[in-house]
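Inspection log for the structure reproduced underneath, given as structure tokens.
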Amino acid sequence: MKVRVLGAAAGGGFPQWNCGCAMCRKARAGDAHARPRTQASLAVSADGIRWVLLNASPDLPCQIAQAPCLHPAPGVLRGSPIAAVVLTGADIDCITGLLSLREGHEFGLYGPASVLDILRRNVIFDVLPAPRVPRRVLDAGATEDICDARGEPLGLRVTPFRVGGKIPLYTETSDKIEELLSPDAVIGLDITDAAGHRLVFIPGCNAVTDALRARVDGADLLFFDGTLWQDDEMIRAGLGHKTGARMGHISVSGEAGTIAAFAPVKLGRRIFIHINNTNPILCDDSPEAAQVRAAGWEVAHDGMEVTT
0 MKVRVLGAAA
10 GGGFPQWNCG
20 CAMCRKARAG
30 DAHARPRTQA
40 SLAVSADGIR
50 WVLLNASPDL
60 PCQIAQAPCL
70 HPAPGVLRGS
80 PIAAVVLTGA
90 DIDCITGLLS
100 LREGHEFGLY
110 GPASVLDILR
120 RNVIFDVLPA
130 PRVPRRVLDA
140 GATEDICDAR
150 GEPLGLRVTP
160 FRVGGKIPLY
170 TETSDKIEEL
180 LSPDAVIGLD
190 ITDAAGHRLV
200 FIPGCNAVTD
210 ALRARVDGAD
220 LLFFDGTLWQ
230 DDEMIRAGLG
240 HKTGARMGHI
250 SVSGEAGTIA
260 AFAPVKLGRR
270 IFIHINNTNP
280 ILCDDSPEAA
290 QVRAAGWEVA
300 HDGMEVTT
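The numbering of the sequence shown is our numbering, which starts it at 0 and goes up by one.
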């Protein structure tokens, strides 16, 4: 299984377009320790020819431009190696890139019923009409082949599963986090190839439970929510009023954080993705990045390639 990180940052990217914090200034200045990153998405392939996107970020056009594996094959006048897109949620940074795939290209589109319903109710997504872009519901716990628009298997199987998550910001009608959490709003993806290699993708999660630890145990590769280093990070930085918990994200550090929560779990490689512009692990020379490496984790960056 081949994996390419198309984007590693959270919503807004790094540097974020309207942020003047020290880290964003460092990235804009071209500091080699603060590599710019676009918004989170992966490309996955069983054969290196036909590719599946995991989420479609607003930065998708430039991500495709930077990924030769996603360019039209030599001699092809109109076409793309992108054969399917699998959505983990309906946040802006998960679905907006779909609108950049509208130029007559066929692909299979997968997502939970709640996510596909949001697309159905927003007519702008009708620029991706069936049967050119058939929409296929992912049911939690049910394993199925990922197929292209015409139903041809792509050599990858997916088992979606529920994770703790929040409904999209634009659908919120309350400021109470307990009223915004939904078991169907966000899913994780457990993807296998014919050889049994396993990739688990969880770009958004608000808690690591025993059930989640059991689900990811033994995976060759885990990409996990690395949004914030600490829960009140944005408040401390003077850049927002919400905690990570309020936004539906677990923190990387701390006794209840991701590093501690997954410490006893058997994994091949463990990589943080969907990293907010305030999170110091984005700077390779930070003490926090050193702590992450010491704990056996990696920090995703655009263009990172992994083969399992």
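Just so you know, even glycine gets a beta-carbon here, dropped at the ideal spot from N, CA and C. The structure displayed is predicted, hence computed values, not measured ones.
Residue environment: Asp174 is assigned as exposed (fewer than 16 neighbouring CB atoms within 10 Å of its CB, all protein chains considered). Distances from the CA of Val291 to each of Asp301, Asn278, Met303 and Gly302 were compared; the closest alpha carbon is that of Asn278. Short of 6 Å from the beta carbon of Ile190, and not among the five residues preceding or following it, lie these beta carbons of its own chain, in chain order: Leu155, Val157 and Leu198. Gly217 is not a Cβ neighbour of Lys165, given a cutoff of 8 Å.
For the pair Arg134 and Leu115, the Cα-to-Cα distance works out to about 7 Å.
Between Ser44 and Val51 the beta-carbon gap is near 7 Å, inside 8 Å, which marks them as a contact. With 16 or more other CB atoms across the displayed protein chains lying within 10 angstroms of its CB, His248 is buried. Residues of the same chain with a CB within less than 6 Å of the CB of Ile176, apart from the 5 flanking positions on each side, are Arg245 in chain order. With distances taken between CA atoms, Leu118 lies nearest to Ile91 out of Asp301, Ile91, Ala83 and Ile274. Nearest to Ala7 by C-alpha distance, out of Ala55, Asn17, Ala293 and Ala148, is Ala55. Rounded to the nearest whole angstrom, the CA to CA distance from Gly140 to Gly163 is 15 Å.
Setting aside the 5 residues that flank it on each side, Arg101 is surrounded in the same chain by Val126 and Leu127, each with a C-beta closer than 8 Å to its C-beta; the list follows chain order.
Only buried fits His300, as 16 or more other CB atoms lie within 10 angstroms of its CB. By the criterion of a C-beta distance shorter than 7 Å, Leu153 is surrounded in its chain by Ala45, Arg49, Val51, Ala82, Ala83, Ile145, Cys146 and Asp147, once the five residues flanking it on both sides are discounted. Within a 10 Å sphere around the beta-carbon of Gly107 sit 16 or more other beta-carbons, which makes this residue buried. Looking at the DSSP output, Trp50 shares a beta bridge with Ile81. For Gly187 and Ala193, the gap between their C-alpha atoms comes out near 20 Å. DSSP, reduced to helix, strand and coil, places Arg269 within a strand of the structure shown. Taking 8 Å as the cut-off, the Cβ atoms of Leu227 and Ile270 do not count as close. Beta-bridge pairing by DSSP links Gly107 to Ala83.
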